[in-house]
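Residue numbers (my numbering): 43 to 261.
Have a look at this one:
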C-alpha cells in the first residue's frame, strides 16, 4: 500500500510488483482513495522477443489481471493495448483474437467473442487497428498455416498482439514462450494513472529490468 501511495501522490513515477501475489497488488491499485486506476479496466500486456518469430515483437494480453473477461472487458483490454502499442510506434497494430478453431462455434464462446470483436473493428468501434478472429494460434503467427487452411486474413502471420480468451490460456502461453521458445519478455499493467511493472516472480532479472525500461518508454 505504501508504494502505491507514493506513486499516487507523485513521490514516485513507476510502481513495480515485488515478491507479492498479483491479487494483492491489484487490490491496492484499485483502491478508490489512493489507487492508480484510470481507465475502465486494468489489464496486463507482455511484450515478447521470440527467436522463431524473427520479423517483429509480439504481445500477449491478458495473462495476469482479468480471469475470464466478457465481451465488454475484452473491448476495453484491446483499447488499453492499442494505446500502448501506438506509444511504441505501431500505428495500426494487427490483432489476432485467439480461439481453438477458426470458425464461429456457439459451443465455444471465445470464437463468438472473437468474431464480434473483429466486426466491431471493421465498423470503427475499435479504431486504429486491424482485428481478425477467431484465429487459432498457428494461423495468427504463420501465414503459411493460414494459407494451408484457406484462411484469407490481413492479420495472419503478422500479428502484433494476441488477445487470449482467458487468464489460463494466457498464463500458459506466456510461460511456454519463455521456457520452450527462449523468448525475452517485458510486461506492464495498462489502464493505470502511472506506469505499473508486473512480471512473474520466476522471470529473470533481465526481464524485470526490461519491464522497467518499457514502462519508462511509454510513460
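In this text, a Cβ means the ideal position worked out from N, Cα and C, and glycines have one as well.
Note on residue 59: 16 or more other CB atoms within 10 angstroms of its CB, so buried under the neighbour-count rule. For residue 160, the CB contacts under 6 Å within the same chain, skipping 5 residues up- and downstream, are 173, 174, 175 in chain order. Of all alpha-carbon atoms in 89, 114, 61, 85, the one lying nearest the alpha-carbon of residue 220 is that of 89. In the DSSP assignment, the residues bridged to residue 238 are 57, 231. Taking the Cβ atoms as the reference, residue 105 lies roughly 3 Å from residue 212, within the contact range of under 8 Å.
In the DSSP annotation of this structure, the continuous segment of the beta strand (DSSP E) that includes residue 86 starts and ends at 85 to 91.
Taking 8 Å as the upper bound for CB-CB distance, residue 72 and residue 79 are in contact here, some 5 Å apart. Residue 216 and residue 201 have their C-alpha atoms spaced approximately 16 Å apart.
Where residue 176 is concerned, the enclosing beta strand (DSSP E) starts and stops at 172 to 177. Between the alpha carbons of residue 54 and residue 48 lies a gap of roughly 5 Å.
For residue 120, the enclosing alpha helix (DSSP H) begins and ends at 113 to 129.
If you draw a straight line from the Cα of residue 234 to the Cα of residue 84, it comes to about 7 Å.
The beta carbon of residue 206 sits closer than 8 Å to the beta carbons of 102, 103, 104, 105, 140, 212, 215 from its chain, once the five residues preceding and following it are set aside; these are given in chain order. Taking the C-beta atoms as reference points, residue 87 is found nearer than 7 Å to residue 126. DSSP places residue 101 within a strand segment (E or B) once states are collapsed to three. DSSP places residue 217 outside any beta strand (DSSP E); the residue lies instead in the alpha helix (DSSP H), whose first and last residues are 209 to 223.
The Cβ atoms of residue 184 and residue 199 sit closer than 7 Å to each other. Where residue 47 is concerned, there is no enclosing beta strand (DSSP E), although the alpha helix (DSSP H) around it starts and stops at 44 to 50. Note on geometry: alpha-carbon atoms of residue 158 and residue 152 lie some 10 Å from one another. At least 7 Å separates the beta-carbon of residue 253 from that of residue 203.
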